[in-house]
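Mapping the sequence shown onto our numbering, position 32 (from 1) lands on 253, and the numbers just tick up by one.
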Amino acid sequence: DIERDISGQPADVRHAARQKFSQPKVEAFFAWSDQQLLRIPGKSNLAKAFRYGLNRAEAFSLFLTDGRVAIDNNPAERALRPIGIGRKNWLFAGADTGAETLARAMTIIETAKLNGLDPQAYLADVLDRIHDHMNPRLDELLPWNWTPKAVSQAEAA
Numbered sequence: 222d223i224e225r226d227i228s229g230q231p232a233d234v235r236h237a238a239r240q241k242f243s244q245p246k247v248e249a250f251f252a253w254s255d256q257q258l259l260r261i262p263g264k265s266n267l268a269k270a271f272r273y274g275l276n277r278a279e280a281f282s283l284f285l286t287d288g289r290v291a292i293d294n295n296p297a298e299r300a301l302r303p304i305g306i307g308r309k310n311w312l313f314a315g316a317d318t319g320a321e322t323l324a325r326a327m328t329i330i331e332t333a334k335l336n337g338l339d340p341q342a343y344l345a346d347v348l349d350r351i352h353d354h355m356n357p358r359l360d361e362l363l364p365w366n367w368t369p370k371a372v373s374q375a376e377a378a
């Protein structure tokens with residue numbers, strides 16, 4: 222598998238491998254898709270599916286032009302999974318503002334997880350510190366920059 226072989230490689234290596242191995246396959250697939258449209262009824266669901274893919278060929282092929290781009294969005298899908306699982310629970314968020322607040326909270330929690338943090342420890346520390354934190358330094362409290370208070374005090378000593 223091409224992507225498995227280049228996983229963890231620098232972007233330029235991934236780009237070169239994709240150009241050499243993946244691009245011909247992707248181009249052949251879209252050419253085949255064009256041919257299939259000529260063989261099936263134009264208003265069928267299958268034709269709609271082929272047109273959907275062909276109309277988005279550029280977006281589907283983005284991973285070929287930039288080695289930094291992942292071939293899929295599985296990490297983002299996994300991050301959103303708890304929201305999908307709890308969908309019925311979110312019905313009881315109250316009003317629209319309650320749902321918006323819940324969405325913001327879930328975004329913070331999932332971003333903390335993606336950065337390898339314990340969301341409960343992160344939120345407890347940030348909520349405790351934010352009122353004393355200087356506005357120009359708020360970026361220090363973002364999940365990708367955050368240092369727990371106990372560690373930052375020990376380092377300061």
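Yeah, the Cβ is synthetic: ideal placement off N, Cα and C, and Gly gets one too. Just so you know, these numbers come straight off a predicted model, no measurement behind them.
Exposure of residue i, with buried meaning 16 or more beta-carbon neighbours within 10 Å
i: D346; result: buried
i: E279; result: exposed
i: R235; result: buried
i: R239; result: buried
i: W253; result: exposed
i: F271; result: buried
i: A333; result: buried
i: I227; result: buried
Reduced DSSP category for residue i - H, G, I as helix; E, B as strand; rest coil
i: S364; result: Per the sequence shown, residue 364 should be read as Pro rather than Ser. Coil, per DSSP.
i: D346; result: helix
i: Q230; result: coil
i: N356; result: helix
i: I369; result: Before going further, note that residue 369 is Pro rather than Ile in the sequence given. P369: coil per DSSP, three-state reduction.
i: G304; result: In the sequence as presented, Gly is not what sits at residue 304; that position holds Ile. Helix at I304.
i: R225; result: helix
i: R277; result: coil
i: I292; result: coil
i: L267; result: helix
Whole-number beta carbon distance between residue j and residue i, since they are thought to touch under 8 Å
i: I261; j: F242; result: Not really, about 30 Å apart at Cβ, beyond 8 Å.
i: G288; j: D233; result: 6 Å
Opening and closing residue of the alpha helix (DSSP H) in which residue i lies
i: V247; result: 244-260
i: L418; result: With the chain running from 222 to 378 in the structure shown, residue 418 is simply not present.
Nearest to residue i (by Cα), restricted to the options the options
i: L338; options: G263, R302, L283, P364; result: P364
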